[in-house]
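Below is one structure, written out as structure tokens; comments come after it.
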Amino acid sequence: MRTNLSVEEALEAVLEAAQGELAVEELPLKEAFGRVLAEDLASLVDHPDQDDTAIDGYACRAEDTLGASPEAPVRLRVVGEAPAGRPFPGEVGRGEAVAVYTGAPIPKGADAVVRVEDTRREGDEVLLFAPASPKDIRPKGDDLRRGEVYLRRGDLLTPGRLGLAAAMGHPRLKVFRKPRVGILSTGDEVVEPGEPLPFGGVYNSNAYSLLGLVLEAGGEPVLLGKVPDQPEAVLERLEGAGPLDLLLTSGGVSMGEYDVVRKVLERHGEVVFWKVRQQPGGPLLFARLGGLPVLGLPGNPVSSMVTFFLYGRPFLYKLLQRTEPPYGRLEARALTPFKGAKGKKVFRRGVLSVAEKTVRSTGNQSSGVLRSMAFGNALVVLPPDRDAREGEEVEVIPLTFVP
Ligand SMILES: Nc1nc2c(c(=O)[nH]1)N[C@H]1C(S)=C(S)[C@@H](COP(=O)(O)OP(=O)(O)OC[C@H]3O[C@@H](n4cnc5c(N)ncnc54)[C@H](O)[C@@H]3O)O[C@H]1N2
Ligand code: MOO
Ligand SMILES: [Mg+2]
Numbered sequence: 001m002r003t004n005l006s007v008e009e010a011l012e013a014v015l016e017a018a019q020g021e022l023a024v025e026e027l028p029l030k031e032a033f034g035r036v037l038a039e040d041l042a043s044l045v046d047h048p049d050q051d052d053t054a055i056d057g058y059a060c061r062a063e064d065t066l067g068a069s070p071e072a073p074v075r076l077r078v079v080g081e082a083p084a085g086r087p088f089p090g091e092v093g094r095g096e097a098v099a100v101y102t103g104a105p106i107p108k109g110a111d112a113v114v115r116v117e118d119t120r121r122e123g124d125e126v127l128l129f130a131p132a133s134p135k136d137i138r139p140k141g142d143d144l145r146r147g148e149v150y151l152r153r154g155d156l157l158t159p160g161r162l163g164l165a166a167a168m169g170h171p172r173l174k175v176f177r178k179p180r181v182g183i184l185s186t187g188d189e190v191v192e193p194g195e196p197l198p199f200g201g202v203y204n205s206n207a208y209s210l211l212g213l214v215l216e217a218g219g220e221p222v223l224l225g226k227v228p229d230q231p232e233a234v235l236e237r238l239e240g241a242g243p244l245d246l247l248l249t250s251g252g253v254s255m256g257e258y259d260v261v262r263k264v265l266e267r268h269g270e271v272v273f274w275k276v277r278q279q280p281g282g283p284l285l286f287a288r289l290g291g292l293p294v295l296g297l298p299g300n301p302v303s304s305m306v307t308f309f310l311y312g313r314p315f316l317y318k319l320l321q322r323t324e325p326p327y328g329r330l331e332a333r334a335l336t337p338f339k340g341a342k343g344k345k346v347f348r349r350g351v352l353s354v355a356e357k358t359v360r361s362t363g364n365q366s367s368g369v370l371r372s373m374a375f376g377n378a379l380v381v382l383p384p385d386r387d388a389r390e391g392e393e394v395e396v397i398p399l400t401f402v403p
């Protein structure tokens, strides 16, 4: 077993365990939102499929309209119309115009359009107060070209990308199966919300903040409930967990006599590492139980969330072959001081303003104060042995869903 790893070493070990291909399933478009594509998608069509008009107006020949102005309007004969979806069947000749509506193909013979606001209709004729121009013609393939790949294996299906898949003509999409992530809470003191809280008890918040984080990262959470701090109880629940791609346990990984998760995994599994030089989350444990990777998250509510974010989320991204990194990084100016720690990389919770490029502390930074994760939107990263003073530039990891 390795111990006292750096954050980078720990991440490398966790990612090494994210092996194997997730099965692929085919879903109709309406069920594919938020899923990850398992295939490259090429467009089945050109869009627009031919030159079309971006405005409501008249299509004509530009050379017929040169110099048109309110003082010297040009008069054209209207020979027909082309609403979107109903192309004009004929051809536009000299001195002629066709009434066109946004999205309609440009009629044969025309090479320019004038907006309806710059015209006046007079029966079969139209007066143009401005020259027609080709700038409002959207060329064929302006948006999409047939055969070109616009979405790739590993791309998350965001609203825009789901629409793009539809625009390319695909009714069904191949996506990766969601990785199944077990969530097991441990602790004699842990009680489900809704039950009376005994003296010294604490409501089980970890299961639900982890559930949210798993969903956000594209996994399928499998709630395995809560077990007391007894090795037999932990083992029994783990063995009955069903097929999983990753198991999260919360609590029971530190130095205490009743920190049984570590003991169970040492005895019945293989502990890959225990303890990372970071705060919060220092007691993090990573193990294998049979073939199953297990992240033993420290029980403190902030610690379990931060360690999932830093290790569990990249694990799931790798399994899902995501094209985007699991989180971004940026620099911001500290509006408050942030306290570092000796020999440890520190992740303080902050409120980041992207517009101002500033970050301030959420206040009480104890690992037991979950409000810092509920109202903070970023982690402020401090290298070992470094405090940040007010006004200093600091590294920040936004705690938001990366598209
Ligand atoms: N002597 C030492 N004591 C501790 C150390 C250490 O290095 N030496 N490390 C501290 C750090 S850092 C952390 S983090 C915690 C980690 O503790 P465990 O993973 O063993 O977790 P527990 O002892 O079971 O619980 C810790 C804390 O979190 C609360 N908790 C647990 N589960 C939940 C839950 N599902 N929902 C809400 N809150 C939960 C629990 O009641 C405790 O207050 O150890 C330090 N100790
Ligand atoms: O590292 Mo513990 O995770 O601070 O409270
Ligand atoms: Mg403990």
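Residue numbers (UniProt numbering): 1 to 403.
Cβ atoms here follow ideal geometry from the backbone N, Cα and C, with glycine treated the same way.
Who are the Cβ neighbours of Asn377 in its own chain at under 7 Å, not counting the five residues just before and after it? Val351, Leu352, Pro398, Leu399 and Thr400
ask   = Roughly how many whole angstroms lie between the Cα atoms of Val261 and Ala233?
value = 10 Å
When we look at the beta-carbon of Gln365 and count the other beta-carbons within 10 Å, is it buried (16 or more) or exposed? buried
Margin query: Using the Cβ count rule (16 or more neighbours within 10 Å means buried), how would you classify Met255?
Written below: exposed
Exercise for the section: Can you grab the Cα-Cα spacing for the pair Glu117 / Asp52, in whole Å? Expected result: 19 Å
| field | Segment limits, beta strand (DSSP E) that includes Phe315 | value | Segment Arg313 to Leu319 is the alpha helix (DSSP H) holding Phe315; no beta strand (DSSP E) there.
Buried versus exposed, by CB contacts within 10 Å (16 or more), Asn206 | buried
Beta-carbon proximity check, Pro107 vs Phe88, cutoff 8 Å = yes
Checklist entry - For ligand 3, is there a heavy atom less than 7 Å away from the beta-carbon of Gly256? => result yes
- request: Along the alpha helix (DSSP H) that carries Arg267, what are the first and last residues, could you check?
  value: Val260 to His268
Which of the three DSSP states is assigned to Phe375 in this structure? helix
Requested in this report: Helix, strand or coil for Ser205, going by three-state DSSP, please let me know.
Outcome: coil
(message) Quick check on this structure: which residue in Val100, Ala84 and Gly296 has the alpha carbon closest to the alpha carbon of Val78?
(response) Val100
query = Quick one: Cα of Leu41 to Cα of Lys174, how far?
reply = 10 Å
| Using 8 Å as the Cβ pair cut-off and three pairs as the minimum, do the segment 330 to 347 and the segment 377 to 394 touch? | yes
> Going by the beta-carbon positions, is the gap between Phe273 and Ala10 smaller than 8 Å?
Replying inline: yes
Original post:
Would you say Ser303 touches ligand 2, meaning its beta carbon is less than 7 Å from a heavy atom?
Top reply: yes
- Query: Helix, strand or coil: which one does DSSP assign to Ala388?
  - Reply: strand
* Ends of the alpha helix (DSSP H) at Pro293? -> Element bounds for Pro293: not the alpha helix (DSSP H) but the beta strand (DSSP E), Leu292 to Leu297.
Worksheet item: Would the C-beta of Asp385 count as close to ligand 3, meaning under 7 Å from any of its heavy atoms?
Response: no
- Query: In its own chain, which residues sit with a C-beta less than 6 Å from the C-beta of Ser303, not counting the 5 before and 5 after it?
  - Reply: Pro280, Gly281 and Ser367
**OP:** Can you check DSSP and say which residues form a bridge with Thr186?
**Re:** Val227
* Quick one: what's Phe273 bridged to in DSSP? -> Arg2 and Phe286
Original post:
Between Ala165 and Pro314, what straight-line distance do the alpha-carbon atoms span, to the nearest angstrom?
Top reply: 26 Å
Ignoring anything shorter than 3 residues, give me the beta strand (DSSP E) runs that lie fully in the segment 38 to 88, in order along the chain. 57 to 60 and 74 to 82
| Where Ser134 and Gly169 are concerned, what is the direct C-alpha to C-alpha distance, given to the nearest angstrom? | Checking the displayed sequence, the identity of residue 134 turns out to be Pro instead of Ser. Approximately 28 Å, taken between the alpha carbons.
Check: The beta strand (DSSP E) with Ala334 in it runs from where to where?
Finding: Leu330 to Ala334
Item to check | Whole-number beta carbon distance between Arg333 and Glu393, since they are thought to touch under 8 Å | outcome: 6 Å
- Query: According to DSSP, is Thr119 helix, strand or coil?
  - Reply: strand
**Prompt:** Is Leu197 helix, strand or coil by DSSP?
**Reply:** coil
- Message: For the beta strand (DSSP E) containing Ser250, name the first residue and the last one.
- Response: Leu246 to Ser250
Can you find a heavy atom of ligand 2 that lies under 7 Å from the Cβ of Gly281?
yes
Determine contact between the segment 213 to 227 and the segment 184 to 203, defined as no fewer than three beta-carbon pairs at a distance below 8 Å.
yes
Stretch-stretch touch, CB-based, cutoff 8 Å, three pairs: the segment 31 to 46 with the segment 111 to 127:
no
Practice task
State buried or exposed for Pro383, treating a residue as buried only when at least 16 other CB atoms are found within 10 Å of its CB.
Solution key: exposed
Original post:
Pairing CB atoms from the segment 48 to 63 with CB atoms from the segment 197 to 206, are three or more of them under 8 Å?
Top reply: no
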